[in-house]
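Below you'll find the structure, written out as structure tokens, and then a few comments.
There are 2 protein chains.
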Amino acid sequence: MSKKTTIALLSGGLDSATAAAIALEAGQNVIGLSFDYGQRHRKELIAANELASFLNLNEHLKLNVNLAAWGGSSLTDLEQSIPNKGVGDGIPNTYVPGRNTVFIALGLSLAETRGATQIVLGINSMDYSGYPDCRPDYLAAYQALANLSSKAGREGHGAQLWAPLMKWNKVQIVKEAIRLKIPIEKTWSCYSGQNQACGICDSCRIRDAALIKVGRSDLCSTNCI
Amino acid sequence: MSKKTTIALLSGGLDSATAAAIALEAGQNVIGLSFDYGQRHRKELIAANELASFLNLNEHLKLNVNLAAWGGSSLTDLEQSIPNKGVGDGIPNTYVPGRNTVFIALGLSLAETRGATQIVLGINSMDYSGYPDCRPDYLAAYQALANLSSKAGREGHGAQLWAPLMKWNKVQIVKEAIRLKIPIEKTWSCYSGQNQACGICDSCRIRDAALIKVGRSDLCSTNCI
Numbered sequence: 423m424s425k426k427t428t429i430a431l432l433s434g435g436l437d438s439a440t441a442a443a444i445a446l447e448a449g450q451n452v453i454g455l456s457f458d459y460g461q462r463h464r465k466e467l468i469a470a471n472e473l474a475s476f477l478n479l480n481e482h483l484k485l486n487v488n489l490a491a492w493g494g495s496s497l498t499d500l501e502q503s504i505p506n507k508g509v510g511d512g513i514p515n516t517y518v519p520g521r522n523t524v525f526i527a528l529g530l531s532l533a534e535t536r537g538a539t540q541i542v543l544g545i546n547s548m549d550y551s552g553y554p555d556c557r558p559d560y561l562a563a564y565q566a567l568a569n570l571s572s573k574a575g576r577e578g579h580g581a582q583l584w585a586p587l588m589k590w591n592k593v594q595i596v597k598e599a600i601r602l603k604i605p606i607e608k609t610w611s612c613y614s615g616q617n618q619a620c621g622i623c624d625s626c627r628i629r630d631a632a633l634i635k636v637g638r639s640d641l642c643s644t645n646c647i
Numbered sequence: 423m424s425k426k427t428t429i430a431l432l433s434g435g436l437d438s439a440t441a442a443a444i445a446l447e448a449g450q451n452v453i454g455l456s457f458d459y460g461q462r463h464r465k466e467l468i469a470a471n472e473l474a475s476f477l478n479l480n481e482h483l484k485l486n487v488n489l490a491a492w493g494g495s496s497l498t499d500l501e502q503s504i505p506n507k508g509v510g511d512g513i514p515n516t517y518v519p520g521r522n523t524v525f526i527a528l529g530l531s532l533a534e535t536r537g538a539t540q541i542v543l544g545i546n547s548m549d550y551s552g553y554p555d556c557r558p559d560y561l562a563a564y565q566a567l568a569n570l571s572s573k574a575g576r577e578g579h580g581a582q583l584w585a586p587l588m589k590w591n592k593v594q595i596v597k598e599a600i601r602l603k604i605p606i607e608k609t610w611s612c613y614s615g616q617n618q619a620c621g622i623c624d625s626c627r628i629r630d631a632a633l634i635k636v637g638r639s640d641l642c643s644t645n646c647i
């Protein structure tokens, strides 16, 4: 029986690389898909390239979809500052309106074209519970839409959205990444848009706290390139 | 009270121009949004510009999102032929996998950023009943997703998807377009990708049949530029 094909949305960060590696370990043919959406930390796309190469993906596609055309987030609007005082209540300004909805839609388009049966996502609801589009009910609603959006979906064999990290916290994700031998030093999490990781944005803080907890402070963001 | 803002997905064709005009007639502030998705009939974008200008939209944004990167449709893959033998059963190869899901997702992103309360769409289920993503159940599922995808949605005041033409056939749409004084000669429907409308692709046939039925054969595709 031929391998099933999975589309992996690959940001260049730790979570999506771990999700892609989980799909590979399950014996699937994985196609990577990355987006230049006008993010200030566009450097993550270099990391996505390196990770796709390290994971030996059959294919890695990159698409421009310039959400910075209308901004609405500190990641896509350079006039907004990246928060660096720790994660608070509510939705942080790093939330990009509609980003996951757009990226998953593009994943569904590619999946339908290539006959892929899954889209594997790095989203998880624990760390960023403030993001409305990282929650289980959001993903369930998207699956219901996907099931109606294509011929295959309506026939009961459309692409399934798969978020293996959904209920994990960052420590669990880091442990899984280490088990899967992901080169964590090649992943890029920093939001700051600098050439070196800042170590103080929410994304660096959450990553580094988890790495310190598992005894791998050598992999903390400011120690990596 | 200030006007409500509506995002109008504007392809350059007759249907979306009519939908946008309906939103304008309802007294809304309309922002047009058009996509260069690598469609062979990219000429429709010139029509979208002219229509946005004619309708006097406050703003008209254009975004590149190159679905031709993976093709899967005769509209985005030049190696596939456009059907010209009339509409048959099943899904025609002009169906673009995931296109509406991607476009509506981008509309939701813009709506959330601008605080728009509606997204007006030209989709209708009568002519293209073969397209899975032009049906009422698809749109209802998308609304359920939209309600969970943003903070405003979760609070009950997110953007509403509005498809005023959903149950109309092309004759009804043409009549409404004439009533709204849309310059039908400026709309572009042809799929062929030529500089002149072909008159024989499904899109030209359906449009022209309706125009002939309402006694306006002077507006048939091959008579327009």
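These protein sequence lines are chains G and H, in that order.
For what it's worth, the numbering used here labels the leading residue of the first sequence as 423, then goes sequentially.
For what it's worth, the numbering used here labels the leading residue of the second sequence as 423, then goes sequentially.
Using N, Cα and C, we set each Cβ at its ideal position, and we do this for glycine too.
If you're wondering where the values come from, they're calculated on a predicted model, not measured in any experiment.
Q. For Leu432/H, which three-state DSSP category applies?
A. Residue numbering aside, residue 432/H sits at position 10 when the second sequence is read from its first letter. Three-state DSSP puts Leu432/H in coil, outside helix and strand.
Q. So, is Ala562/G buried or exposed, given that buried needs 16 or more other C-beta atoms within 10 angstroms?
A. Start at 1 with the first residue of the first sequence, and residue 562/G comes out as number 140. With fewer than 16 other Cβ atoms within 10 Å, it is exposed.
**Q.** Neighbourhood of Ala619/G by C-beta, 6 Å cutoff - its chain only, sequence neighbours within 5 removed
**A.** Position 197 of the first sequence, counting from 1, holds the residue named residue 619/G. Excluding positions up to five away in sequence, the list reads Cys612, Cys626, Ser643, Thr644.
Q. Going by beta carbon distance, what residues of the same chain come within less than 6 Å of Lys603/H, once the five residues before and after it are set aside?
A. Residue mapping note: residue 603/H aligns to position 181 of the second sequence, counting from 1. Excluding residues within five positions, none has a Cβ falling inside 6 Å.
Q. Since Gly454/G sits in a beta bridge, which residues does DSSP pair it with?
A. Along the first sequence, one-based indexing puts residue 454/G at 32. For Gly454/G, the beta-bridge partners assigned by DSSP are Ala430/G, His482/G.
Q: Select from Lys465/H, Leu633/H, Ser503/H, Leu532/H the residue whose C-alpha is nearest the C-alpha of Ala430/H.
A: Translated into positions along the second sequence, residue 430/H becomes position 8. For Ala430/H, the nearest C-alpha among the options comes from Leu532/H.
Q. Which runs of the alpha helix (DSSP H), 4 residues or longer, sit entirely within the stretch 477-564 of chain H?
A. Listed in chain order, the alpha helix (DSSP H) runs fully inside the stretch 477-564 of chain H are 521-536, counting runs of at least 4 residues.
Q | Residues of its chain near His482/G, where Cβ-Cβ distance is below 6 Å and the 5 sequence neighbours each way are ignored | A | Against the first sequence, residue 482/G aligns to sequence position 60. Answer for His482/G: Gly454, Ala474, listed in chain order.
**Q.** Selected residue, minimal CA-CA separation from Val452/H, among Trp584/H, Val596/H, Tyr553/H
**A.** Along the second sequence, one-based indexing puts residue 452/H at 30. Among Trp584/H, Val596/H, Tyr553/H, the Cα nearest to that of Val452/H is on Trp584/H.
(Q) Please report the straight-line C-alpha distance between Pro410/G and Met588/H, rounded to a whole angstrom. (A) This structure cannot settle anything about residue 410/G, because the visible part of chain G is limited to 423 through 647.
Q: Can you give me, in chain order, the residues of the stretch 523-541 of chain H that have a beta carbon less than 9 Å from any beta carbon in chain G?
A: Thr523, Val524, Phe525, Ile526, Ala527, Leu528, Gly529, Leu530, Ser531, Leu532, Ala533, Glu534, Thr535, Arg536
Q | Residue span of the alpha helix (DSSP H) that contains Gln618/G, given as start and end | A | Position 196 of the first sequence, counting from 1, holds the residue named residue 618/G. Annotation for Gln618/G: no alpha helix (DSSP H) segment contains it, and DSSP assigns it neither H nor E.
Q.
Classify Ser503/G: buried if its beta carbon has 16 or more other beta carbons within 10 angstroms, exposed otherwise.
A. Position 81 of the first sequence, counted from the start, is the residue given in the question as residue 503/G. By the 10 Å Cβ count, Ser503/G comes out exposed.
**Q.** Closest by C-alpha distance to Arg629/H, when choosing among Trp610/H, Gly615/H, Ser614/H
**A.** Looking up residue 629/H in the second sequence gives position 207. Of the candidates Trp610/H, Gly615/H, Ser614/H, the one whose C-alpha sits nearest the C-alpha of Arg629/H is Trp610/H.
Q: Using 10 angstroms around the beta-carbon of Ile541/H, count the other beta-carbons present and answer buried if the total reaches 16, otherwise exposed.
A: As a first step, residue 541/H must be located in the second sequence, where it is residue number 119. Buried, because 16 or more other Cβ atoms sit within 10 Å of the Cβ of Ile541/H.
Q) So the beta strand (DSSP E) Gln582/H belongs to, where does it begin and stop? A) Taking the second sequence and counting its residues from 1, the one referred to as residue 582/H is at position 160. Run containing Gln582/H: 582-584, per the beta strand (DSSP E) assignment.
**Q.** Burial state of Gly494/H (16 or more Cβ within 10 Å)
**A.** Along the second sequence, read from residue 1 onward, the residue named residue 494/H stands at position 72. That one is buried.
(Q) Would Tyr613/G pass as an interface residue toward chain H - the criterion being a Cβ-Cβ separation below 8 Å? (A) Walking along the first sequence from the start, residue 613/G turns up at place 191. Judged by the 8 Å Cβ criterion, Tyr613/G is not in contact with chain H.
Q.
Within a Cβ cutoff of 6 Å, which residues of the same chain sit near Ile634/H, ignoring the five residues on either side of it in sequence?
A. What you label residue 634/H is simply residue 212 of the second sequence in a count that begins at 1. There are no such residues.
Q) Does the distance from the C-beta atom of Val457/H to that of Leu485/H stay below 8 Å? A) The residue given as residue 457/H occupies position 35 in the second sequence. The residue given as residue 485/H occupies position 63 in the second sequence. Going by the sequence as given, residue 457/H is Phe instead of Val. Yes, they are a contact pair.
Q: Less than 8 Å between the CB atoms is what I'm expecting for Gly460/G and Leu489/G, so what's the real figure, rounded?
A: The residue you call residue 460/G lines up with position 38 of the first sequence. The residue you call residue 489/G lines up with position 67 of the first sequence. With a Cβ gap of about 6 Å, Gly460/G and Leu489/G count as contacting.
Q. Exposed or buried, Ile595/H, counting other C-beta atoms within 10 Å across all chains shown (16 or more means buried)?
A. As a first step, residue 595/H is located in the second sequence; it is residue number 173 there, counting from the start. The residue is buried, with at least 16 neighbouring Cβ atoms inside 10 Å.
(Q) Among the candidates Asn515/G, Phe525/G, Arg536/G, whose CA atom is the shortest distance from the CA of Pro519/H? (A) Indexing the second sequence from 1 puts residue 519/H at position 97. The candidate whose alpha carbon is nearest that of Pro519/H is Arg536/G.
(Q) On the DSSP letters alone, give me the boundaries of the alpha helix (DSSP H) that Lys592/H sits inside. (A) What you label residue 592/H is simply residue 170 of the second sequence in a count that begins at 1. 592-601 is the span of the alpha helix (DSSP H), which, as asked, contains Lys592/H.
Q) What does a CB cutoff of less than 8 Å around Asn617/G pick up in its chain, not counting 5 residues either side in sequence? A) Looking up residue 617/G in the first sequence gives position 195. Answer for Asn617/G: Lys465, listed in chain order.
Q: Please compile the residues from chain H whose C-beta is within a distance smaller than 8 Å of the C-beta of Pro554/G.
A: Residue numbering aside, residue 554/G sits at position 132 when the first sequence is read from its first letter. In chain order: Leu570, Ser571, Ser572, Lys573, Gly575, Arg576.
Q: Assuming Leu407/H contacts Val487/H (C-beta within less than 8 Å), just tell me the rounded distance between them.
A: This structure cannot speak to residue 407/H, because chain H is shown only from 423 to 647.
Q. Alpha carbon to alpha carbon, what distance is there between Ala632/H and Ala491/G?
A. Numbered from 1 along the first sequence, position 69 holds the residue referred to as residue 491/G. Numbered from 1 along the second sequence, position 210 holds the residue referred to as residue 632/H. The straight-line gap from Cα to Cα measures roughly 37 Å.
**Q.** Distance between Pro558/H and Ile622/H (C-alpha atoms, nearest Å)
**A.** As a position in the second sequence, residue 622/H is number 200, starting the count at 1. As a position in the second sequence, residue 558/H is number 136, starting the count at 1. If I take the Cα positions, the gap works out to 28 Å.
Q | Whole-angstrom distance between Asn546/H and Trp590/H, CA atom to CA atom | A | Within the second sequence, numbered from 1, the residue matching residue 590/H stands at position 168. Within the second sequence, numbered from 1, the residue matching residue 546/H stands at position 124. When rounded, the separation of the alpha-carbon atoms in Trp590/H and Asn546/H is 7 Å.
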